[in-house]
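Q: Before anything else, here's the structure in question.
Protein chains: 2
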Amino acid sequence: MAKLRKVEDDVLIERLSKKFKDVGFEGASMAMLSDAAGLTKSSLYHRFPEGKEQIAEEVLKHTRRYLDAEVFPVLDGNLPPAQKMDFFASAMSQIYLHGAESCLLNMLSPPRGQTNSCGDAIAATFRQLLASLTNVAKQSGATADAAQVRAEQVLIELQGALVVSRGVADLAIFKRMLARLPNIILHNRDPI
Amino acid sequence: MAKLRKVEDDVLIERLSKKFKDVGFEGASMAMLSDAAGLTKSSLYHRFPEGKEQIAEEVLKHTRRYLDAEVFPVLDGNLPPAQKMDFFASAMSQIYLHGAESCLLNMLSPPRGQTNSCGDAIAATFRQLLASLTNVAKQSGATADAAQVRAEQVLIELQGALVVSRGVADLAIFKRMLARLPNIILHNRDPI
DNA sequence: GTCTATAATATGATAGAC
DNA sequence: GTCTATCATATTATAGAC
Numbered sequence: 000m001a002k003l004r005k006v007e008d009d010v011l012i013e014r015l016s017k018k019f020k021d022v023g024f025e026g027a028s029m030a031m032l033s034d035a036a037g038l039t040k041s042s043l044y045h046r047f048p049e050g051k052e053q054i055a056e057e058v059l060k061h062t063r064r065y066l067d068a069e070v071f072p073v074l075d076g077n078l079p080p081a082q083k084m085d086f087f088a089s090a091m092s093q094i095y096l097h098g099a100e101s102c103l104l105n106m107l108s109p110p111r112g113q114t115n116s117c118g119d120a121i122a123a124t125f126r127q128l129l130a131s132l133t134n135v136a137k138q139s140g141a142t143a144d145a146a147q148v149r150a151e152q153v154l155i156e157l158q159g160a161l162v163v164s165r166g167v168a169d170l171a172i173f174k175r176m177l178a179r180l181p182n183i184i185l186h187n188r189d190p191i
Numbered sequence: 000m001a002k003l004r005k006v007e008d009d010v011l012i013e014r015l016s017k018k019f020k021d022v023g024f025e026g027a028s029m030a031m032l033s034d035a036a037g038l039t040k041s042s043l044y045h046r047f048p049e050g051k052e053q054i055a056e057e058v059l060k061h062t063r064r065y066l067d068a069e070v071f072p073v074l075d076g077n078l079p080p081a082q083k084m085d086f087f088a089s090a091m092s093q094i095y096l097h098g099a100e101s102c103l104l105n106m107l108s109p110p111r112g113q114t115n116s117c118g119d120a121i122a123a124t125f126r127q128l129l130a131s132l133t134n135v136a137k138q139s140g141a142t143a144d145a146a147q148v149r150a151e152q153v154l155i156e157l158q159g160a161l162v163v164s165r166g167v168a169d170l171a172i173f174k175r176m177l178a179r180l181p182n183i184i185l186h187n188r189d190p191i
């Protein structure tokens, strides 16, 4: 039988995830991550022998599992588009704590020019989000090209709102973005 | 008379700025910044006695001076709104190298919960951008509330497009965002 | 599985020669 | 103003006791 775990896997991942969201990959040291986890550095290395990069990978996998289990099935399911997008906006508001928490996919992105295992997982998750949102837009009547642009705009506004609302320390900006989010997919008028 | 400078101030700031844009504040060590600058660490400390934070501040000031000299006068000037926004989109495309370079205001943002001298400069610059863009939207016929939302959306889409196009390594996403940018200010329809 | 102790390296920062 | 040399600290990582 396995030895007693002071901190359960899920709790551990949540705590590490929070730290990464706050300070980013480069900003998080093993000492900070240990503190956040409630374990010593050595214990952290025992759970993640390859260190910080492995922690980042596991944290990303955890996020991906959540999306695969709770979000993509709804977007890819049989609900009317409007209900799908209301659910999506609500889920994003929860995930990002109404704009108070940064996006892991952004905070763990490798520097420009570089590429690592996190970069691949991040790209794959962004692409799945784009694909599922594109399908909702098509379901909502958009042409293939328009659907892609609408999906891109949703992801862009989510990420951008997190950056801007952090930059000016104003969560209302994120809230106003969320309000227009469903309509981007459901009824995005083309430029004049 | 002053001693000979191996690297001119403007060139130095440009090089340091590039490094910060690539790897962020936490990701940039004094050693990396020295390498990028083409000077030793000691020389860098001579030019910036307070170290990395001072470098970040100076780099932000340099960006702000550019905006004050080249961008805000146009947005706040007497051109028709459409011309202002065409100029703005073009300027943003240049600044961000068509989506290949991250935003300094984002990459130098302090971690959530923290606040430093950079955070204040970043917030101030974001707010001035919002103010000037809001006025262009008003000039274009928007109500005060609508104008504010349009300005926010422009900043959000700029920042978000940089994040997403980096995440999926696709500059076309930034380009498509730029194409719809002017119209957000000029003719942003309200949600249904 | 967790911990203390420790080693090797990287980093921020300074002193002093040229 | 730039450089080499140096130092204190922080960081990554491992060894070994419990």
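As they're listed, the protein sequences go chains A and B.
Residue 6 in numbering that gives the first Met the number 0 sits at position 7 of the first sequence, with consecutive numbering throughout.
Residue 36 in numbering that gives the first Met the number 0 sits at position 37 of the second sequence, with consecutive numbering throughout.
Backbone N, C-alpha and C define an ideal beta-carbon position, used for all residues, glycine too.
(1) Using 8 Å as the limit for Cβ to Cβ distance, is I155(B) near chain A?
(2) G76(A) versus chain B: which residues are under 9 Å apart at the beta carbon?
(3) Count the other CB atoms within 10 Å of the CB of P48(B); is the residue buried (16 or more) or exposed (fewer)?
(4) Between the stretch 11-41 of chain A and chain B, which residues of the former have a C-beta closer than 7 Å to a C-beta of the latter?
(5) Just by C-beta distance, which residues in the stretch 103-120 of chain A are closer than 7 Å to chain B?
(6) Count the C-beta pairs between the stretch 156-174 of chain B and the stretch 155-169 of chain A that are closer than 8 Å, then say yes if the count reaches three, no if not.
(7) Say whether chain A places a C-beta atom closer than 8 Å to the C-beta of S101(B).
(8) Using the Cα positions of P190(B) and K5(B), report the straight-line distance between them to the nearest angstrom.
(9) In terms of alpha-carbon separation, which member of H61(A), V167(A), A145(A) lies closest to D119(B)?
(10) Are the CB atoms of I121(A) and E57(A) within a distance shorter than 8 Å?
(11) Less than 8 Å between the C-beta atoms of P51(A) and A35(A), yes or no?
(12) Hey, could you find the ends of the alpha helix (DSSP H) N182(B) is sitting in?
(13) Considering only their Cβ atoms, is the gap separating M29(A) from L38(A) smaller than 8 Å?
(14) Taking 8 Å as the CB-CB cut-off, is I172(B) touching chain A?
(15) Check K60(A) in the structure and name its three-state DSSP category.
(16) Please report whether the beta-carbon of Q138(B) lies at a distance below 8 Å from any beta-carbon of chain A.
(17) Please report the residue range of the alpha helix (DSSP H) in which R111(B) lies.
(18) Quick one: what does DSSP say V153(A) is sitting in, helix, strand or coil?
(19) Can you tell which of D144(B), L132(B), P181(B), E151(B) has the C-alpha that lies nearest to the C-alpha of P72(B)?
(20) Give the secondary structure of E49(A) by DSSP, where H, G and I count as helix, E and B as strand, and everything else as coil.
(21) Would you check if there are 3 or more beta carbon pairs closer than 8 Å linking the stretch 78-88 of chain B to the stretch 87-94 of chain A?
(22) By DSSP, does Y65(B) sit in helix, in strand, or in coil?
(23) What residues of chain B sit near R63(A), judged by a beta carbon separation below 7 Å?
(24) Alpha carbons only, please: which of K2(A), H61(A), G140(A), L177(A) is nearest the one belonging to S89(A)?
(25) Check each candidate in C102(B), K60(B), C117(B), S139(B) and name the one with the smallest Cα separation from P243(B).
(26) In the DSSP assignment, the alpha helix (DSSP H) including P80(A) goes from what residue to what residue?
(27) Mind pulling the chain B residues with CB within less than 7 Å of Q82(A)?
(28) Could you check the C-alpha separation between L104(A) and N105(B) for me, to the nearest Å?
A: With the given structure in hand:
(1) The residue given as residue 155(B) occupies position 156 in the second sequence. Chain A, which has a Cβ nearer than 8 Å to the Cβ of I155(B), makes this yes.
(2) By 1-based counting over the first sequence, the position of residue 76(A) is 77. Those do not exist, as G76(A) stays about 23 Å from chain B at its closest Cβ, beyond 9 Å.
(3) Looking up residue 48(B) in the second sequence gives position 49. Exposed is the call here.
(4) D21, V22, G23, E25, G26
(5) L104, N105, S108, P110, R111, G112
(6) yes
(7) Within the second sequence, residue 101(B) is the residue found at index 102, counting from 1. Yes - at least one Cβ of chain A is within 8 Å of the one on S101(B).
(8) Counted from its first residue, the second sequence places residue 190(B) at position 191. Counted from its first residue, the second sequence places residue 5(B) at position 6. The predicted model places P190(B) with a pLDDT of 42, which falls under 50 and marks its position as unreliable; any figure quoted below should be read in that light. Going by the C-alpha atoms only, they are around 56 Å apart.
(9) Within the second sequence, the letter at position 120 stands for residue 119(B). Comparing Cα-Cα distances from D119(B) to each of H61(A), V167(A), A145(A), the minimum goes to V167(A).
(10) By one-based count along the first sequence, residue 57(A) stands at place 58. By one-based count along the first sequence, residue 121(A) stands at place 122. No, the pair does not count as a contact, with Cβ atoms beyond the cut-off.
(11) On the first sequence, residue 51(A) is found 52 positions in, with the first residue counted as 1. On the first sequence, residue 35(A) is found 36 positions in, with the first residue counted as 1. The amino acid at residue 51(A) is misidentified as Pro; the sequence shows Lys. For K51(A) and A35(A), no; Cβs fall outside 8 Å.
(12) If you number the second sequence from 1, residue 182(B) lands on position 183. Start and end: 170-185.
(13) Here residue 38(A) is taken as the residue at index 39 of the first sequence, counted from 1. Here residue 29(A) is taken as the residue at index 30 of the first sequence, counted from 1. No.
(14) In the second sequence, the residue the question calls residue 172(B) occupies position 173. For I172(B), the answer is yes, since a Cβ of chain A falls inside 8 Å of its Cβ.
(15) As a position in the first sequence, residue 60(A) is number 61, starting the count at 1. In the three-state reduction of the DSSP assignment, K60(A) falls in the helix class.
(16) For the purposes of this step, residue 138(B) is identified with residue 139 of the second sequence, where counting begins at 1. It does not; no Cβ of chain A falls within 8 Å.
(17) Translated into the one-based positions of the second sequence, residue 111(B) becomes position 112. No alpha helix (DSSP H) holds R111(B); DSSP gives it neither H nor E.
(18) Taking the first sequence and counting its residues from 1, the one referred to as residue 153(A) is at position 154. If DSSP states are grouped into helix, strand and coil, V153(A) belongs with the helices.
(19) Residue mapping note: residue 72(B) aligns to position 73 of the second sequence, counting from 1. Among D144(B), L132(B), P181(B), E151(B), the Cα nearest to that of P72(B) belongs to L132(B).
(20) By 1-based counting over the first sequence, the position of residue 49(A) is 50. Coil at E49(A), not helix or strand.
(21) no
(22) In the second sequence, the residue the question calls residue 65(B) occupies position 66. Looking at Y65(B) - three-state DSSP - the assignment turns out to be helix.
(23) To locate residue 63(A), count along the first sequence from 1; it is residue 64. None at all; the shortest Cβ gap to chain B is about 14 Å.
(24) Along the first sequence, one-based indexing puts residue 89(A) at 90. Among K2(A), H61(A), G140(A), L177(A), the Cα nearest to that of S89(A) is on L177(A).
(25) For residue 243(B) there is no data in the structure shown, the boundaries of chain B being 0 and 191.
(26) Here residue 80(A) is taken as the residue at index 81 of the first sequence, counted from 1. Looking at the DSSP string, the run of the alpha helix (DSSP H) that includes P80(A) is 80-94.
(27) As a working mapping, residue 82(A) is identified with position 83 in the first sequence. Within 7 Å Cβ-Cβ: nothing; Q82(A) doesn't reach chain B, min ~16 Å.
(28) Here residue 104(A) corresponds to residue number 105 of the first sequence, with the count starting at 1. Here residue 105(B) corresponds to residue number 106 of the second sequence, with the count starting at 1. Distance between the alpha carbons of L104(A) and N105(B): 15 Å.
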